[in-house]
Amino acid sequence: MEFPTRRRFLAAATAASFALPPLLFGAATKKAAPPKPAPPAVPGIAPFAIEDDTLVVPAGLYRIGGGREVRVTAAARLAIAPVDIVTVRDEELQLSPEKPGGFFTGTKLAGTRAANIGAFRSLIEESVALRTPAGRPLRPGEDYLVSAPFALLGLGSRPGVTAADKVLATYAHYRQRIDLVAVDAHGAPFLVPGVPHVATPAIPSAPAGATPIATVYRPFGARTLEAVHVFPIVATARDATTTTTRGRVPRTLAKLERGEPVTVACWGDSITVGADVEPSEAWANRLRTELSARFPRARLTHRNHSIGGTKTAQWLHNGNFPGLPKQNPEKCRFDLVLAEKPDLVVMEFLNDITFGEDVLETTYARIHEAFAARGIEWILVTPSQKVPSDFNLAEMKDGQPRLLDAFLRRFADRHGYALADTAARWKHLYREGIPYFALFANAYNHPNAFGHGLFIEEILRCLEG
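Residues in the sequence shown are numbered consecutively from 2, following the numbering used here.
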C-alpha cells in the first residue's frame, strides 16, 4: 500500500535461487546445524519478533483486514537498516541576529527544510560546525547558537562575525523512511526498502503478485529497531469506524439538491487554509469541487475564513484572547464569518487542542448561540494529529481520543450538529500500516494531500442523506 497523491516508489524485489553441486563420492559430510530458534513474539506487533536489528517473520496465517489473509510458508529474518543520515558540508549562510528558537526565529538549514520550517528533530545537533570562508572555526555559544528542534541558527553571545557576514555550515541530519514487508506468491516474506525523505516518505509498492503484511518506520533518530517502529497491517481503510454523522444538515442538503442559492463557509486554522499543500489538494477547496460535482444544479457560494496559528477563542475576541499571541483584529473576527450569512459552516481547529474543557465549553457555547439564532447548520470536524513535542512514537498507536475530540463528539450530539470524525480515521491508520508521523508536509503538523483526503472523506459523509 502507499499514500495516494504522493510520488510512488517501486523497489523491485528479486529472488535468486541456486542448487549446490552434489558432494563428491567419499567426501566428508558435515551435519547441518539445526535452525536457529525464533525469538518470542513482541507484544503489540505479534506474531512478529525482533532480534537485534532484524525483523523476524514467523510462518503462519496473517489476517490483513478486509476479510483477507495470506500465509507465510517459511519464517524469515529481514535485516532492517537504520535511519538514513545525510552530511551537508559548507552550506553558505548568514547568521540571524535574533536568538534562534520556535518554528521560525533564526537562520534555517537548507538540508532540513520541510515546507517552510526545519523538520522537527531532524538535525543532529552535535554535528553542527561553522567556519568562516577563510577557514577559521566558529565557537558554539559565543559565535553562534543552535536551536536544534527546528534546526535554526543565530549569532552567539560574543560573536566574532556579524549578521552580514557569510559563514559555512557543516552538519548532519536524518531522513525518515518507510520499508515494506511483503509476502510473495509462494509464501516467502521479503523486504522492499523505502526511499528516504525529510518529510512524507512514501510507502513503497509491493511487486506484482506480492501481498503487504507490515511496514517498518525509520523515524528521525532510529538507529536501532524497536517494536514501536513496526506496523503490522491488520485492517484496511474500510474497516475504520468513526462517529461521523449523516442527516444533520438537512436544510443545506435540500438547497443543494434543489439548485437553490447556498453559502458554505469553511472556518479554521492553517490546515483549513491548506498550508503546505497545493490549493487543489486542500480539503476546503476540495469540498467546493466535490459539492459542485455532486450537485451540478447547485448555486454554490464558497468562502474560506481561516488564519494559520489561530484558535476559536481568538476569533470570538477579535484576535485578542488572554495568554495567546495577538492576531489582526481586522481579519480574526467571528462577525466576518457571520456576515457571510452562511447556510453551513464547516469548522476545523487543531489548535484548540491546547484548551481545557472550561474554555472549550464557553467558546463553543457562544458559537452555538450565534449559529442557532441565525439558523446556521454546522459541521464540527475533529482534527488531524500532529507530531508531539516529546516525539513520542507510541502516540501513533494510541487509539484513545484527545480531550478536544471527545468534547466535539459530545457537543455535536448534545446540540444535534453534524460531526466529521477525521480524528478517528487518523487514529486507525496504524492498523493499516501507516505511521502518521510520515503524513505531514512540514514534518510536524500540516497534513499532506493524503491527510487532507481523510478530511474530505468524513466531511462528505455528513452531506449524505
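Backbone N, C-alpha and C fix where the C-beta goes; we use that ideal spot for every residue, glycine too.
Considering Cα atoms alone, identify which of 124, 433 and 380 is closest to residue 220. 124
Between the alpha carbons of residue 329 and residue 418, how many angstroms are there, rounded? 29 angstroms
Suppose you measure from the CA of residue 59 to the CA of residue 66; what does that come to, to the nearest Å? 19 angstroms
Bridge-paired residues (DSSP) for residue 62: 72
If you count every other CB in all the chains shown that lies within 10 Å of the CB of residue 31, and 16 or more means buried, which is it? Annotation note: pLDDT 45 at residue 31 (below 50); position unreliable, no value reported.
Taking the alpha-carbon positions, what's the residue 364 to residue 402 distance? 20 angstroms
Whether or not the stretch 191-199 and the stretch 126-145 are in contact is what I'm after, with contact meaning three or more pairs of Cβ atoms, one per stretch, closer than 8 angstroms; do they touch? no
On the three-state DSSP scale, how would you describe residue 281? helix
Just checking my contact of residue 216 with residue 182 at CB under 8 angstroms: how many whole Å lie between their CB atoms? 7 angstroms
Give a yes or no on whether the C-beta atoms belonging to residue 88 and residue 153 are separated by under 9 angstroms. no
May I ask you to verify whether the stretch 424-437 touches the stretch 262-277, counting CB pairs closer than 8 angstroms and requiring at least 3? no
CB contact flag (residue 429, residue 278, <9 angstroms): no
Cβ of residue 309 within 9 angstroms of Cβ of residue 276? yes
Contact between the stretch 283-303 and the stretch 453-464 (3+ Cβ pairs under 8 angstroms): yes
Using beta-carbon positions only, say whether residue 1 and residue 178 come within less than 9 angstroms of one another. Given a span of 2 to 466 for the chain in the structure shown, any question on residue 1 remains unanswerable.
Residue 250 to residue 464 span [Cα, whole Å]: 7 angstroms
Pull up the distance between the alpha-carbon of residue 175 and that of residue 386, whole angstroms please. 22 angstroms
Could you give the residue range of the alpha helix (DSSP H) that holds residue 251? 251-259
Just to confirm the assignment, what range does the beta strand (DSSP E) spanning residue 267 have? 262-269
In this structure, how does DSSP classify residue 286 when only helix, strand and coil are distinguished? helix
Candidates 84, 420 and 52: which alpha carbon is nearest residue 223's? 84
Quick check: what's the CA-CA separation for residue 55 versus residue 245? 40 angstroms
Proximity of residue 256 and residue 299 at Cβ, strictly below 9 angstroms: yes
Can you tell me which residues form a DSSP beta bridge with residue 316? None, per the DSSP bridge assignment.
Three-state secondary structure (DSSP) of residue 332: coil
When we look at the beta-carbon of residue 375 and count the other beta-carbons within 10 Å, is it buried (16 or more) or exposed? exposed
Put residue 145 into one of helix, strand or coil per three-state DSSP. strand
When the distance is taken between beta carbons, is residue 303 closer than 9 angstroms to residue 289? yes
Helix, strand or coil: which one does DSSP assign to residue 307? strand
What runs of the beta strand (DSSP E), each 3 residues or longer, lie entirely inside the stretch 357-413? 378-382
Residues bridged to residue 231 (per DSSP): 217
Member of 319, 242, 351 and 229 whose CA lies at the smallest distance from the CA of residue 274: 351
For the putative contact between residue 355 and residue 333, defined by C-beta atoms under 8 angstroms, what is the C-beta separation to the nearest angstrom? No, residue 355 and residue 333 are not in contact; Cβ-Cβ is about 17 angstroms, not under 8 angstroms.
So for residue 23, helix, strand or coil by DSSP? Confidence in residue 23 is poor, its pLDDT being 29 and thus under 50, which makes the residue's placement unreliable; the coordinate value appears in the next sentence. In this structure, residue 23 counts as coil in the three-state DSSP scheme.
Taking all protein chains shown into account, decide if residue 414 is buried (16 or more other Cβ within 10 angstroms of its Cβ) or exposed. exposed
Do you know offhand how far residue 237's Cα is from residue 68's? 9 angstroms
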